[in-house]
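Please read the structure below before turning to the comments.
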Amino acid sequence: MKKYLLLRIGSALVTLWLMSVLVFVSVRLIGDPTHLLLPPEATTHDRDVLREQMGLNKPLPIQYAIYAGNLLRGDVGTSFITGQSALAVLVPRIVPSLLLAGTALLISLLLGVPAGIAAAQRPQGKVARIADVLATFGLAAPAFLVALLLIRWLSVDLRWLPTNGYGSLAHLVIPALSLSLYSTAALYKLTQSTMSDILRADFIRFARIKGISHRSVIFRHALKSASLPILTFSASQFGLLIAGAVSVEVIFGWPGIGGAMVDAISQFDYTVIQAVALVVVLLFVLINFIVDVLYGWLDPRIRLAN
Amino acid sequence: MRIDRYLAPAFLAVVVLGALFAPWLPLFDRDAIDLASALQPPSGLHWFGTDNLGRDTFTRVIYGSRTSLSIVVAAVVAGGGLGCLLGLLAGYRGGWFDAIIMRAADLQYSLPPVILALVATVALGTGMVNLVMAISLATWPRFARIVRAEALHLRQRDFVLLAELGGASVARVLWHHLLPNMLTTVMVLVTLDIGLIVTLEATLSFLGLGVQPPDPSWGTMIADGRGYLSQAWWLTAMPGAVLVLTILAVNATGKLLRTRNEQPVQRPEVALV
Amino acid sequence: MNNPFNGRRWRLSDPVLEVKNLSVEIATPSGLIRPVDDVSFTVEAGRTLALVGESGSGKSLSCLSLLRVLPQGARVVGGQVSFEGQNLLELPEAAMHRLRGRRIGTVLQDPHTSLDPLFSVGQQISEIIQYQQAPARGVARERSVEAMRRVHIPAPAERYHSYPHQFSGGMRQRAAIAMAVACNPSLLIADEPTTALDVTLRMQVLRLLAELQAEHRMAMLFVTHDLHIVRYFCDDVAVMYAGRIVEQGPVEQVFDAPAHPYTASLLQAIPKLSRRRTRLLAIDGQPPAFSALPSGCRFAPRCPLAEPRCHAQYPEWQPRAATLNGSASGAACWRSEELLDGRVNIQ
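Protein chains in written order, with my numbering: chain A, 1 to 306; chain B, 1001 to 1273; chain C, 2001 to 2347.
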């Protein structure tokens, strides 16, 4: 287990480092930001002064070193637009993003997994047939479209829920629902296929004959085996949900990271863009790392590897 | 011949043909502004209704499919092509080629596609070409991974060794020997991913990072329709419906093609040295 | 309970398991096939019946159908199965479920895949005891440690918490056996329990099974294709070919004087005095596909003694002189008597 952990930590750190380089390079590719920050009448001299101030004249590797040093100290740069530290712009937006993604994932798990289990046990049954149709649809409908349609139906026509905004449970419903449709469909399909495979495995056949309750066979043995791939998949979904919520955040004015990204892009606030990319990667890597650890813990073959 | 099985490819064919032949179809003028007919619901005259400038929605949806589909196809070709090339090199050559390419692919995996594409459009700017490039960046790792695995597997086969011994250049080995044997796998991958690419394009267009007005694309139309959601639902629903149906059709067609080719295509190894 | 076969009450001296005319059908793309066709045999308390045959002969499927855990698409289409006086085929699933594990234990072939890799071995034994006997949690644990001790797993109290991947193949099979006999069943069905094991481990496992059988007078149905095991370990044998039983009887009788050419060929195929590794059954040719069975005797196409009437009509069962314990013995062969008299020989 220790070796497994160390490998994972190492991998995560390397990814983070490489990512920082990538972000650094690609943002520098945008070009000279001084054109955007100063009014058009500014003289070349003014630009030079600003470039000097921003450290843009130094050779690239030195710039990277400064940048990396700052990163390690938690300084992601200052937003040109607001003048605040980019991190200060982002930090308050992390929680709303996590809340949205978390709720969407929860919905997906609560709906998708049980449906998948039922469908695996009875492939021709009612649940399977209905769920298959819904899943096909769910995988095809982009989140932003679902969001708009739900707004029209639930908010405008039925007036049950607010159209946008952030603050109460009611505000969470439509965004989370629209975001969760794809994940629910994906989790359903994964659970169904994983459970189907497991139910055909030898050890399940043996469990059925050896003399325990049917419920034990399905929910203790089969489900536990299925939970490992479901867990890994959920983690990848969670990462996608956090970042992919961009369009949903824009529609609802949800104060999350994706929304910050889009704002920053339209304003060419490249430190914030950089910061968002880094934060997203960090979250991604963190989530994957946690899941890897959990997986290692749950599977005794890894946990107790001699 | 079961009809419902071919419904999906048929629908897809209709959409593609409509997009291809749009300029010659009896449609309204795409850009003509006619404020007197603004915001009319679907009717016999305007099948999908009109928008706030009186433009016929149906016409714009058809032209929108032109834009969206060409972006998707271009992105598949570019992203798939890049991915295949890099994957082949990584799998065949190995060594630090492999290490670098795979590291790069892993990195891209650690960034969700939308964010990646967003960052790319920042660096590249908006517009159709840049959108294609941005989407390709997000999709090449999938191709690279699978193609690399196949290349690793195939490069030990006799016909490859024979070719190498015969003095064939790297390019020739890749192009003549490895690639044809992977074609089915690549095709399968394409069918699996197209739905995602269409969604990605629509999302990015919706966020305003794709084509600029007056060129319509499904995403931009939905974005425009958003402002009129309560009064003119058809401005969102119509392009939306076509979008969803197209993705459904694409997924279903892909599945059809995959089950058709289920016999692991043991293609006679193309060993023409 | 009334014995379904003759209407009188089942007594302890009756056979534990009586199978009569069991047939199983499977739907395949090429039509319905019968991999188990009109199979009858008996197993008595304290005795072991070997079910022998090439792979695909229907022996494993017969066992699965007794337990009513047939694979998808397969169904029992005829016959009766009497277990301790109950007709298993007519039992409601809930009642059948209660029998499995408690009265009928099962050991499967591959110890590497029979156990759940995510639970400790001890837990997997405990859960059976918990479900069947509903004792307090600590008691179930003690009993499973006891069960592990019974099958000679060293240091059972510590091993309770070990996982399958930490056990060797032989120990895993012992654990599987412990699970099968945890509730002292009256019938143990063992489907090739030693085939996947090293030769050196086989004797250990067989001795263990014999021990357990003697302790509780367990009836045992032992599926195998290793004739050495049959000779040295089993009391009675039923030889299956292409879904049917072609010869049956006490092991000594059948091995000393086989009454069916197939049995004779099998016995010949093993060097009797060989001390080498046990060989699997192997004679020339292949059994017929179930979708294309010959009319007449199914072994005829491969049989060195085949005559025209063998190809024309399926042989009647030729019973042999009943032996001490009354188990049915005989063979399905037109030339059975000639074979027994020594008038013909297979070479």
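Note that beta-carbon positions come from the ideal geometry of N, C-alpha and C, so glycine has one too. Keep in mind it's a predicted model, so treat the numbers as computed, not measured.
Take residue i and list the residues in its own chain whose beta-carbon comes closer than 6 Å to its own, dropping the five residues that flank it on each side.
| i | result |
| --- | --- |
| residue 2194/C | 2202 and 2205 |
| residue 2140/C | 2126, 2129 and 2130 |
| residue 1225/B | 1235 and 1236 |
| residue 1008/B | 1249, 1252 and 1253 |
| residue 2337/C | none |
Nearest chain A C-beta to residue i closer than 8 Å, yes or no?
| i | result |
| --- | --- |
| residue 2014/C | no |
| residue 1146/B | no |
| residue 1111/B | yes |
| residue 1009/B | no |
| residue 1233/B | yes |
| residue 1202/B | yes |
| residue 1236/B | yes |
| residue 1230/B | yes |
| residue 1199/B | yes |
Between the alpha carbons of residue i and residue j, how many angstroms are there, rounded?
| i | j | result |
| --- | --- | --- |
| residue 1075/B | residue 1027/B | 28 Å |
| residue 268/A | residue 261/A | 10 Å |
| residue 1091/B | residue 1150/B | 8 Å |
| residue 225/A | residue 1148/B | 30 Å |
| residue 2259/C | residue 2333/C | 8 Å |
| residue 1011/B | residue 109/A | 33 Å |
| residue 1256/B | residue 1003/B | 13 Å |
| residue 1162/B | residue 184/A | 50 Å |
| residue 1298/B | residue 2060/C | Here chain B has residues from 1001 to 1273 only, and residue 1298/B is not among them. |
| residue 7/A | residue 296/A | 12 Å |
| residue 111/A | residue 186/A | 11 Å |
| residue 2277/C | residue 2199/C | Its pLDDT being 43, under 50, residue 2277/C is placed unreliably by the model, and the measurement read from it follows with that caveat. If you take the alpha carbons of residue 2277/C and residue 2199/C, they lie about 7 Å apart. |
| residue 1043/B | residue 1056/B | 11 Å |
| residue 2292/C | residue 2071/C | 22 Å |
| residue 2102/C | residue 2189/C | 12 Å |
| residue 2262/C | residue 2247/C | 9 Å |
| residue 294/A | residue 1181/B | 39 Å |
| residue 1060/B | residue 1077/B | 25 Å |
| residue 1984/C | residue 2049/C | Any answer about residue 1984/C is impossible in this case: the structure gives chain C only from 2001 up to 2347. |
In terms of residue numbering, what span does the beta strand (DSSP E) encompassing residue i cover?
| i | result |
| --- | --- |
| residue 2245/C | 2244–2250 |
| residue 1005/B | Unbroken run through residue 1005/B: none, as it is neither H nor E. |
| residue 2020/C | 2017–2028 |
| residue 2082/C | 2074–2083 |
| residue 2041/C | 2031–2043 |
| residue 2191/C | 2187–2191 |
As a quick exercise: from the options, pick the residue whose alpha carbon is nearest that of residue i.
| i | options | result |
| --- | --- | --- |
| residue 2020/C | 2029/C, 2033/C and 2038/C | 2038/C |
| residue 1014/B | 1069/B, 1092/B and 1185/B | 1069/B |
| residue 1122/B | 1210/B, 1053/B, 1030/B and 1234/B | 1210/B |
| residue 2228/C | 2044/C, 2242/C, 2100/C and 2251/C | 2251/C |
| residue 177/A | 204/A, 72/A, 212/A and 141/A | 141/A |
| residue 1143/B | 1117/B, 1101/B, 1037/B and 1115/B | 1101/B |
| residue 245/A | 52/A, 105/A and 84/A | 105/A |
| residue 236/A | 287/A, 254/A and 228/A | 287/A |
| residue 1117/B | 1188/B, 1245/B, 1180/B and 1197/B | 1197/B |
| residue 254/A | 92/A, 137/A and 239/A | 92/A |
| residue 222/A | 192/A, 251/A and 124/A | 192/A |
| residue 1170/B | 1221/B, 1094/B, 1135/B and 1107/B | 1094/B |
| residue 117/A | 215/A, 238/A and 15/A | 215/A |
| residue 2242/C | 2169/C, 2116/C and 2297/C | 2297/C |
| residue 1208/B | 20/A, 10/A, 131/A and 251/A | 251/A |
| residue 228/A | 242/A, 302/A, 101/A and 277/A | 302/A |
| residue 2216/C | 2341/C, 2266/C and 2045/C | 2045/C |
| residue 1019/B | 1242/B, 1048/B and 1204/B | 1242/B |
| residue 2161/C | 2109/C, 2319/C, 2054/C and 2123/C | 2123/C |
To which residues of the same chain is residue i closer than 7 Å at the C-beta, ignoring the five residues directly before and after it?
| i | result |
| --- | --- |
| residue 2062/C | 2022, 2036, 2039 and 2051 |
Can you tell me where the alpha helix (DSSP H) with residue i in it begins and where it stops?
| i | result |
| --- | --- |
| residue 277/A | 270–298 |
| residue 232/A | 223–244 |
When you compare the CB of residue i with every CB in chain C, is at least one pair closer than 8 Å?
| i | result |
| --- | --- |
| residue 302/A | no |
Any beta carbon of chain B sitting closer than 8 Å to that of residue i?
| i | result |
| --- | --- |
| residue 152/A | yes |
| residue 273/A | yes |
Below 8 Å CB to CB, which residues in the same chain sit around residue i once its five sequence neighbours on both sides are set aside?
| i | result |
| --- | --- |
| residue 102/A | 238 |
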